[in-house]
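Protein chains in written order, with the working numbering: chain A, 33 to 193; chain B, -7 to 765.
Even for Gly, the Cβ is constructed at its ideal location relative to N, Cα and C.
Model, not experiment: these values are computed from the prediction.
This report refers to the structure that appears directly beneath it.
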Ligand code: FES
Ligand code: FES
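Rendered as structure tokens:
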């Protein structure tokens, strides 16, 4: 059961040819095979959302996904949000609103919020809270995260990124 | 002398954190992100029984499994935590002959990766002979059904205290009531689980330990002592830490095993907890019973409190800080909170059980003491049909009474107790609330308000982070004029790289971005206590101020000499030194630094070469009290038992603020944890001693939809210490649960409900309203 199979994985626009055991979780492959350790693991039980990545633009839990399931799909991790030197408006807003403390939930929060704002550029506060309700933050009490997301939603007219 | 920085430019400002960019871009490195060539990983075989004798082990299959490098038992690694025998009991780092809680590590399997280690661990066969578990602390006090440790009493800590004159005062009071308060086990649940890695350095013979800890020097000392190594052979590096909340202040069995394995295998070794292991073995907290009797007067004045405090400490005292002792002993000393209740009598019993060791979780004693104290006031108010706010007013310590000595002998420095409550009542519009409340009740809707006026002892000499009453800062102005400072703090998200830099930048007269704060490396930081017990702001911040000021004095002296002016005429700021009123006679700090290091002949006589120094700060007062008031408004649905928090206000006084943004973040987070404590979080043991809540689907954490928008206002009563700073990391979780469950009591007053437990579950609510209609 531990024999490896070849896998073509597309992450942050780059394609990687790797070999994985079929049982390896996407979270482990991203972190330990590709070195993309910005994806965090908080429970491996699908409950905390720390491991959230975007799969074809939709937030998914990489701890509940086997790497071999996502061949051919577009995966976005936190490392793929920033192009070049500068923080994105959402990342800037997180910093300006103090929406992170220990930072462990932050990559998952950013990805969930990114997907939300792509879908709904002007969500209400309640919508924002619902959208991030699958992402646990133990430090911030959520208010500043909600503020950070709403501030970006307010800033932008149509297109978010 | 111009000792104080002119006007602080950064202290008190809402500056963005320097930590943020790396955290926002996925570039921060936490413990599990450390990957060294050849690194091995550990999986633990853990006890499935709360209490059993180990009668045999079959480990051959484990040893020959793919990738396995070593299989360790107590015979290999015969180390006990608490060798200093303070409690007559030391936890073996791997179980020895007997297991005493579910999850106790029994065998360590070291393999090439975690998948292989876990596969092999599953092959271990351990034979057990189950013993009757000890699960009830009231029985345990009577040594029933048996002793957890055959050679030691179940009661491992007992203490009594009585204010002089208690008996007469208690007996003579016209009114009495009794109540029992119970808390159910909870735990910190840092989003990043615990973990440790160790890397032997064959060249130097030293060991580098990567630890996800709040207290780098403490864990270095513990490891050196437990393993019998010289302290200077161990270097502790703390990577980014994903939350601590007191839970990461302990040294755990797994830490010792990892380091031991690295030394004996000569390889880097890592262990990272999975979530089930976390819930089983991270220190638990809040397992307390308070049996309380209260004597009071017809006007609501409370005269005396008697309390039998019990705490279930679990199978072993957590090392080196037993949460049971922490939760009870300090609770007994501040049980009267902000009220001038003159007499108290307390009896404390901490017991062993066959459950996970009890350690620290943010607030430790505080959430429980506040819950009891505010529960007492609300009971007094209800029994007399008085307004709960009015009963608080009658009993509140007045501003003219500071410094106030409470019934247990604790000295409170000045605070804004009454003012904070009045301000909070105004913010939540208490005046109109009762009208709204009865209108809604007429429609069958149950709203209530709970008031929690809290005190938070901060900056104490001993806390879960250790018994260090001071902090140290090594500060250096680099030859280029940039400033580097190293500290022994152990931040886990509090933003010390920002707040400490704010304090130092003001003193040294440079810009914030010119200061780098180093922490989490025992090779670079001077000895320090770490982070815990709300000490980093007042003690660590105090040390940063002292270090910055001493460096400022050095720079002023140098500038005065070079600019040929009197020291008192030199001003520093924005990276410059100049003569007051003559801005042209100026030098940059960079120029001064260059001279201090390289053109040393120009240094005034008697001044040391270079710009480096170590400063230490120990507050004169042994404690400084923060305070504040939380008021929660909740709506309880009597049919579903669900509680919704509809409105929440906090008036907080932690003395002078270093960065209000960070203070507010701490308050929000603490209130959210308070909502968890009050309504969601509970580690439940079955009658057989099995922990039933071993995933985050069973142990429920507050989500974004559970937490309301929180209104915060700051009051400022400075401490007498450096900078007027008081600690504030715990106050929000100290205040919140009492406010939240108090609001439930108020909402359900028509059903005669007075909440007596934490947390309150929907089942509890349904039972109360159906039993009492
Ligand atoms: S780690 Fe995937 S949901 Fe928690
Ligand atoms: S910032 Fe620590 S878990 Fe969210």
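So residue i packs on residue j, CB below 8 angstroms; how close in whole Å?
{"i": "residue 446(B)", "j": "residue 296(B)", "result": "Not quite, the Cβ-Cβ distance comes to about 21 angstroms (not below 8 angstroms), so this is no contact."}
{"i": "residue 771(B)", "j": "residue 277(B)", "result": "The requested residue 771(B) is not part of the displayed model; chain B covers only -7 to 765."}
{"i": "residue 555(B)", "j": "residue 577(B)", "result": "5 angstroms"}
{"i": "residue 650(B)", "j": "residue 520(B)", "result": "About 18 angstroms; that fails the 8 angstroms criterion."}
{"i": "residue 507(B)", "j": "residue 517(B)", "result": "Not really, about 16 angstroms apart at Cβ, beyond 8 angstroms."}
{"i": "residue 381(B)", "j": "residue 417(B)", "result": "6 angstroms"}
{"i": "residue 671(B)", "j": "residue 732(B)", "result": "7 angstroms"}
{"i": "residue 154(A)", "j": "residue 185(A)", "result": "5 angstroms"}
{"i": "residue 607(B)", "j": "residue 539(B)", "result": "4 angstroms"}
{"i": "residue 669(B)", "j": "residue 729(B)", "result": "5 angstroms"}
What does DSSP give as the partner residue(s) for residue i in the beta ladder?
{"i": "residue 105(A)", "result": "The partner list for residue 105(A) (beta bridge, DSSP) is empty, contrary to what the question assumes."}
{"i": "residue 568(B)", "result": "565(B), 580(B)"}
{"i": "residue 637(B)", "result": "626(B)"}
{"i": "residue 178(B)", "result": "277(B)"}
{"i": "residue 84(B)", "result": "72(B)"}
{"i": "residue 263(B)", "result": "188(B)"}
{"i": "residue 442(B)", "result": "624(B)"}
{"i": "residue 239(B)", "result": "BP columns for residue 239(B) are empty, so no partner."}
{"i": "residue 448(B)", "result": "618(B)"}
{"i": "residue 645(B)", "result": "619(B), 707(B)"}
{"i": "residue 62(B)", "result": "102(B)"}
{"i": "residue 342(B)", "result": "149(B), 303(B)"}
{"i": "residue 97(B)", "result": "38(B)"}
Using 8 angstroms as the limit for Cβ to Cβ distance, is residue i near chain A?
{"i": "residue 509(B)", "result": "no"}
{"i": "residue 516(B)", "result": "no"}
{"i": "residue 353(B)", "result": "no"}
{"i": "residue 415(B)", "result": "no"}
{"i": "residue 654(B)", "result": "yes"}
{"i": "residue 21(B)", "result": "yes"}
{"i": "residue 689(B)", "result": "yes"}
{"i": "residue 273(B)", "result": "no"}
{"i": "residue 625(B)", "result": "no"}
{"i": "residue 101(B)", "result": "no"}
{"i": "residue 189(B)", "result": "no"}
{"i": "residue 12(B)", "result": "yes"}
{"i": "residue -6(B)", "result": "Low local confidence applies: a pLDDT of 37 at residue -6(B) is under 50, so the model's placement there is unreliable, with the coordinate-based value given in what follows. No, residue -6(B) does not count as interfacial toward chain A."}
{"i": "residue 696(B)", "result": "yes"}
I want to see whether chain B comes within less than 8 angstroms of residue i, judged by CB atoms only; does it?
{"i": "residue 83(A)", "result": "no"}
{"i": "residue 128(A)", "result": "yes"}
{"i": "residue 42(A)", "result": "no"}
{"i": "residue 147(A)", "result": "no"}
{"i": "residue 106(A)", "result": "no"}
{"i": "residue 170(A)", "result": "yes"}
{"i": "residue 181(A)", "result": "no"}
{"i": "residue 135(A)", "result": "yes"}
{"i": "residue 116(A)", "result": "no"}
{"i": "residue 153(A)", "result": "no"}
{"i": "residue 144(A)", "result": "no"}
{"i": "residue 175(A)", "result": "yes"}
{"i": "residue 178(A)", "result": "yes"}
- Touch test, the segment 210 to 225 of chain B against the segment 48 to 65 of chain A, Cβ-Cβ under 8 angstroms, three pairs minimum: With the cut-off at 8 angstroms, the segment 210 to 225 of chain B and the segment 48 to 65 of chain A do not touch.
- Query: Do three or more CB pairs link the segment 131 to 148 of chain A to the segment 13 to 33 of chain B at distances below 8 angstroms?
  - Reply: Contact between the segment 131 to 148 of chain A and the segment 13 to 33 of chain B is present, because at least three Cβ pairs lie under 8 angstroms.
- Task: Please confirm if the segment 426 to 438 of chain B is in contact with the segment 627 to 634 of chain B, defined as three or more CB-CB distances below 8 angstroms between the two stretches.
- Result: The answer is yes - the segment 627 to 634 of chain B touches the segment 426 to 438 of chain B, with three or more Cβ pairs under 8 angstroms.
- Kindly confirm or deny that the segment 496 to 512 of chain B and the segment 467 to 484 of chain B touch, where touching means at least three C-beta pairs closer than 8 angstroms. Contact holds: three or more Cβ-Cβ distances are below 8 angstroms.
- Please determine if the segment 232 to 250 of chain B and the segment 548 to 558 of chain B are in contact, where contact requires at least 3 C-beta pairs separated by less than 8 angstroms. No, because fewer than three Cβ pairs between the segment 232 to 250 of chain B and the segment 548 to 558 of chain B fall closer than 8 angstroms, the two stretches do not touch.
- Against chain A: residues of the segment 167 to 185 of chain B by CB proximity under 7 angstroms: Residues 181, 182, 183, 184.
- Task: Residues of the segment 24 to 45 of chain B with a CB closer than 9 angstroms to any CB of chain A: list them in chain order, please.
- Result: Listed by position, the residues of the segment 24 to 45 of chain B near chain A (Cβ gap below 9 angstroms) are 24, 25, 27.
- Counting pairs of beta carbons, one from the segment 53 to 61 of chain B and one from the segment 102 to 111 of chain B, are three or more of them closer than 8 angstroms? Output reads yes: the segment 102 to 111 of chain B touches the segment 53 to 61 of chain B.
- With 7 angstroms as the limit, tell me which residues of the segment 663 to 694 of chain B have their beta carbon closer than that to any beta carbon of chain A; keep them in chain order. So the close ones are 663, 664, 687, 688, 689, 693.
- Item | Segment contact, 8 angstroms Cβ cut-off, at least three pairs: the segment 258 to 278 of chain B with the segment 362 to 374 of chain B | Because the criterion of three Cβ pairs below 8 angstroms is not met, the segment 258 to 278 of chain B and the segment 362 to 374 of chain B do not touch.
- Item | Residues, ordered as in the chain, of the segment 699 to 732 of chain B that lie near chain A by beta-carbon distance below 7 angstroms | Taking 7 angstroms as the Cβ-Cβ cut-off against chain A, the residues of the segment 699 to 732 of chain B that qualify are 699, 701, 702.
- Would the segment 638 to 657 of chain B and the segment 691 to 706 of chain B be scored as touching if the rule is three or more Cβ pairs under 8 angstroms? Put simply, the segment 638 to 657 of chain B touches the segment 691 to 706 of chain B. At least three CB pairs are less than 8 angstroms apart.
- Query: Which residues, in chain order, does the segment 233 to 265 of chain B contribute to contact with chain A at a C-beta distance below 9 angstroms?
  - Reply: Under the 9 angstroms Cβ criterion, the segment 233 to 265 of chain B contributes 233, 234, 235, 236, 237, 264.
- If you measure beta-carbon to beta-carbon, which residues of the segment 481 to 494 of chain B are closer than 8 angstroms to chain A? Cβ contacts with chain A: 484, 485, 486, 487.
- the segment 397 to 411 of chain B in contact with the segment 375 to 389 of chain B per 3-pair CB rule at 8 angstroms: Cβ pair count under 8 angstroms is three or more, so yes.
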